Amino acid sequence: MQDIEREQMEFDVVIVGGGPSGLSAAIRLRQLAIAAGNPDFSVCIVEKGSEFGAHILSGAVMEPNALTELIPDWKEKGAPVRVQTKGDRVYMLKNETKYRELPEKIVPSLMHNHGNYIISLGNLVRWLATQAEELEVMMFPGFSAAEILYNEDGSVRGVLTGDMGVNAEGQPKPGYEPGYELLAKYTIFAEGCRGHLGKRLISRFNLSEGKDPQHYGIGLKELWEIDPAKHQEGMVLHGSGWPLSDTHSNGGWWLYFDENNQVSFGMVIDLSYHNPYLSPFDELQRLKTHPLIRNILEGGKRLSYGARALTKGGLNSLPKLYFAGGVLVGDDAGFLNPAKIKGTHTAIKSGMLAAEAVYEAIAAGRQHDEVPTYEQKFKASWLYNDMYQARNFANAMHRMGIWMGGAFNFLEQNIFKGKMPLTIRDTMPDYYVLERADHAYIPEYPKPDGKLTFDKLSSVFISNTNHAEDQPCHLKLTDPEVPIKRNLKIFAEPAQRYCPAGVYEVVQSDSGAKFVINSQNCVHCKTCDIKDPSQNITWVTPEGGGGPNYPNM
Numbered sequence: 001m002q003d004i005e006r007e008q009m010e011f012d013v014v015i016v017g018g019g020p021s022g023l024s025a026a027i028r029l030r031q032l033a034i035a036a037g038n039p040d041f042s043v044c045i046v047e048k049g050s051e052f053g054a055h056i057l058s059g060a061v062m063e064p065n066a067l068t069e070l071i072p073d074w075k076e077k078g079a080p081v082r083v084q085t086k087g088d089r090v091y092m093l094k095n096e097t098k099y100r101e102l103p104e105k106i107v108p109s110l111m112h113n114h115g116n117y118i119i120s121l122g123n124l125v126r127w128l129a130t131q132a133e134e135l136e137v138m139m140f141p142g143f144s145a146a147e148i149l150y151n152e153d154g155s156v157r158g159v160l161t162g163d164m165g166v167n168a169e170g171q172p173k174p175g176y177e178p179g180y181e182l183l184a185k186y187t188i189f190a191e192g193c194r195g196h197l198g199k200r201l202i203s204r205f206n207l208s209e210g211k212d213p214q215h216y217g218i219g220l221k222e223l224w225e226i227d228p229a230k231h232q233e234g235m236v237l238h239g240s241g242w243p244l245s246d247t248h249s250n251g252g253w254w255l256y257f258d259e260n261n262q263v264s265f266g267m268v269i270d271l272s273y274h275n276p277y278l279s280p281f282d283e284l285q286r287l288k289t290h291p292l293i294r295n296i297l298e299g300g301k302r303l304s305y306g307a308r309a310l311t312k313g314g315l316n317s318l319p320k321l322y323f324a325g326g327v328l329v330g331d332d333a334g335f336l337n338p339a340k341i342k343g344t345h346t347a348i349k350s351g352m353l354a355a356e357a358v359y360e361a362i363a364a365g366r367q368h369d370e371v372p373t374y375e376q377k378f379k380a381s382w383l384y385n386d387m388y389q390a391r392n393f394a395n396a397m398h399r400m401g402i403w404m405g406g407a408f409n410f411l412e413q414n415i416f417k418g419k420m421p422l423t424i425r426d427t428m429p430d431y432y433v434l435e436r437a438d439h440a441y442i443p444e445y446p447k448p449d450g451k452l453t454f455d456k457l458s459s460v461f462i463s464n465t466n467h468a469e470d471q472p473c474h475l476k477l478t479d480p481e482v483p484i485k486r487n488l489k490i491f492a493e494p495a496q497r498y499c500p501a502g503v504y505e506v507v508q509s510d511s512g513a514k515f516v517i518n519s520q521n522c523v524h525c526k527t528c529d530i531k532d533p534s535q536n537i538t539w540v541t542p543e544g545g546g547g548p549n550y551p552n553m
């Protein structure tokens with residue numbers, strides 16, 4: 001199939017990924033072209049989800065500053081950004097029944113949310129897609145960017161979209177359609193956290209030289225409709241402590257009271273955790289049994305579920321942003337602010353800055369070279385200051401633990417305003433820190449009751465996850481023997497637990513243990529690609545349109 005003749009399409013700019021950073025880059029490029037009297041300037045955006053917003057999952061509380069810069073009249077244009085925050089509460093859960101509300105004066109200042117909005121990021125992305133369409137951006141939902149195309153000099157030439165209609169053995173099925181070669185003067189990669197092409201580019205162009213390794217968390221979210229008597233529209237709750245304190249792991253939870261009696265409930269767990277028996281999904285379910293959470297959700301209805309990895313390394317892990325023929329934006333680079341637990345405003349702004357640098361290069365007659373002005377624009381913008389002030393937040397928690405790390409962050413954020421003359425480094429990759437299973441504590445997780453707590457498969461069902469039948473597995477094992485011969489023996493094969501969708505199983509039979517991959521369940525969270533202790537699993541794009549289809553997430 002490598003010799004198949006493929007149709008080529010040429011554009012000024014190709015953007016890979018239709019999240020907030022990719023769409024913002026597309027919108028800004030077209031704004032600049034139209035303002036310059038260059039309406040033929042062509043921009044194409046490819047999105048692997050079945051529609052724009054289908055794969056988008058976030059808390060989310062958003063700072064509106066970047067959106068206002070991109071589209072100043074977003075309110076008049078009907079952006080789904082309506083619920084302004086009305087109050088913050090931060091809790092420390094001491095154990096399974098007790099908690100303490102923290103005084104506002106000791107909460108790190110970057111966690112305050114005055115002037116922000118509670119949103120569905122998926123719905124905001126759907127709205128941004130309509131704005132891009134109105135500006136005549138070429139939109140290709142349901143198409144995955146499978147490979148990077150290079151020029152003879154090694155510069156990026158564009159991307160190849162995945163073939164459609166290929167069976168599990170890699171052979172064409174009836175209705176087979178070969179992928180397209182999308183060629184561009186510059187390509188913007190906006191795939192989100194742990195983008196499978198972004199990861200290759202960082203390695204190929206050595207973009208992380210001198211940087212800390214990227215660090216990650218897994219975010220798990222449930223959308224609930226609750227009793228109107230319990231609903232407080234605009235209220236923002238955050239917390240930490242139990243249940244992660246039982247396994248000496250870092251992370252925290254949120255409850256955001258959105259419109260229509262809905263609440264966004266979820267948890268972020270740092271993927272630097274040590275215990276191979278920790279199950280992020282089951283930690284989320286266990287958290288709901290705490291009276292503080294139970295009293296809000298009990299009697300309500302769970303509407304949706306999903307999970308996604310997020311970057312937490314911040315400025316210290318940010319790679320070089322440009323290379324010959326392209327740039328990285330959003331979480332493909334790692335622009336999430338870990339202190340604010342926010343990445344939407346940073347994603348939008350990074351997309352805008354990249355668009356401005358790329359447009360200037362093309363207007364000057366350049367193509368396929370490096371665009372250092374993107375990084376220059378970043379360092380001259382409020383985005384750099386935003387990232388700089390938070391540079392130590394996650395690393396302090398990793399290196400010092402929840403109490404000492406929390407005290408350090410209070411001191412840095414509230415007293416030194418993010419400008420302490422000290423940078424904490426964290427050079428240990430997340431996958432490297434798992435302890436042996438025979439040394440580990442085994443948590444007890446509640447049996448699901450189907451009302452407040454649930455199992456993985458029923459949760460995956462309401463994420464509307466689906467993949468075309470009989471297609472190649474998109475979860476690739478470098479060595480098929482490693483899961484049983486190494487990971488099971490040393491770590492009790494943690495893929496069974498760190499995956500929040502039940503993709504991985506160890507099945508015992510008379511012939512011995514077998515590692516089973518249920519790729520149909522995959523919600524594209526990328527946790528396996530990050531946390532596998534042997535770095536033996538590589539996530540690649542499945543056939544376009546596959547994966548979750550999140551409503552209002």
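The opening position of the sequence shown corresponds to residue 1 in the UniProt record's numbering, with each subsequent residue numbered one higher.
Glycine included, C-beta positions come from ideal geometry on N, C-alpha and C.
Note that the structure is a prediction, hence the values are computed from the model and not measured.
Asked, Found
"Supposed contact pair Pro-141 and Glu-47 - C-beta distance, whole angstroms, cut 8 Å", "5 Å"
"Residue burial classification, residue 564 (beta-carbon count within 10 angstroms, cutoff 16)", "Given a span of 1 to 553 for the chain in the structure shown, any question on residue 564 remains unanswerable."
"Own chain residues within Cβ distance below 8 Å of Gly-502, not counting five before or after", "Lys-456, Leu-457, Val-460, Asn-518 and Asn-521"
"Tyr-180 - containing beta strand (DSSP E), residue span", "Careful: Tyr-180 lies outside any beta strand (DSSP E) and carries neither H nor E."
"Residues near Gly-162 in its chain [Cβ-Cβ closer than 7 Å; skip 5 each side]", "Ser-144, Ala-146, Gly-179, Thr-541, Glu-543 and Gly-544"
"Selected residue, minimal CA-CA separation from Val-137, among Ala-33, Ser-304, Pro-243 and Asp-426", "Ala-33"
"Nearest-angstrom Cβ-Cβ length linking Pro-443 and Tyr-273, presumed shorter than 8 Å", "The Cβ separation is near 11 Å, so there is no contact."
"C-beta contact flag for Pro-446 and Pro-213 at 8 Å", "no"
"Counted within 10 angstroms of its Cβ, other Cβ atoms place Met-111 as buried (16 or more) or exposed", "buried"
"Spatially closest choice to Lys-288 from Leu-183, Gly-266 and Ser-279, by CA coordinates", "Gly-266"
"Own chain partners of Phe-491 with C-beta closer than 8 Å, once the 5 adjacent residues on each side are dropped", "Pro-276, Leu-434, Arg-436, Ala-437 and Pro-533"
"Sequence-distant residues of its chain with Cβ nearer than 7 Å to Glu-134 (five each side left out)", "none"
"Touching by the beta-carbon criterion (3+ pairs, under 8 Å), the region 305 to 322 and the region 524 to 538", "yes"
"Alpha-carbon to alpha-carbon, His-368 and Ser-120", "36 Å"
"Paired residues, beta bridge with Met-553 - DSSP", "For Met-553, which the question treats as bridged, DSSP gives no partner whatsoever."
"Range of the contiguous beta strand (DSSP E) that encloses Asp-309", "The identity of residue 309 in the sequence shown is Ala, whereas the question assumes Asp. First-last of the beta strand (DSSP E) with Ala-309: 301 to 311."
"Proximity winner among Ser-279, Val-125, Arg-89 and Ala-36, relative to Tyr-498 (alpha-carbon distances)", "Ser-279"
"Among Leu-353, Lys-531, Ala-60 and Val-482, the one whose alpha carbon lies nearest that of His-238", "Ala-60"
"Inter-residue Cα distance where the pair is Gln-535 and Tyr-305", "27 Å"
"DSSP beta-bridge partners of Tyr-504", "Ile-517"
"Neighbourhood of Leu-297 by C-beta, 8 Å cutoff - its chain only, sequence neighbours within 5 removed", "Trp-224, Ile-226, Val-263, Phe-265, Lys-288 and Leu-452"
"Burial state of Pro-500 (16 or more Cβ within 10 Å)", "buried"
"Residues near Lys-349 in its chain [Cβ-Cβ closer than 6 Å; skip 5 each side]", "Ala-66 and Leu-383"
"Length-filtered (4 minimum) alpha helix (DSSP H) runs lying within the region 355 to 411", "372 to 379, 382 to 389 and 393 to 410"
"Burial state of His-248, where buried means 16 or more other Cβ atoms lie within 10 Å", "exposed"
"Check whether Gly-17 and Asp-332 have beta carbons under 8 Å apart", "yes"
"Between the CA atoms of Ile-269 and Gly-219 - distance to the nearest angstrom", "7 Å"
"Coil, strand or helix - Tyr-431 by DSSP", "helix"
"Asp-529: first and last residue of the uninterrupted alpha helix (DSSP H) it sits in", "527 to 531"
"Bridge partner(s) assigned by DSSP for Arg-100", "Met-92"
"Alpha-carbon spacing of Asp-529 relative to Ala-35, whole angstroms", "42 Å"
"Beta-carbon gap between Tyr-99 and Gly-325 smaller than 8 Å", "no"
"Unbroken stretches of the alpha helix (DSSP H), 4 residues or longer, contained in the region 157 to 222", "196 to 204"
"N- and C-terminal bounds of the alpha helix (DSSP H) containing Asp-282", "280 to 287"
"Cβ-heavy atom distance, Ala-361 to the ligand FMN, below 7 Å", "By its list of ligands, the structure shown contains no ligand whatsoever, and the ligand FMN lies outside what it can speak to."
"Counted within 10 angstroms of its Cβ, other Cβ atoms place Asp-510 as buried (16 or more) or exposed", "exposed"
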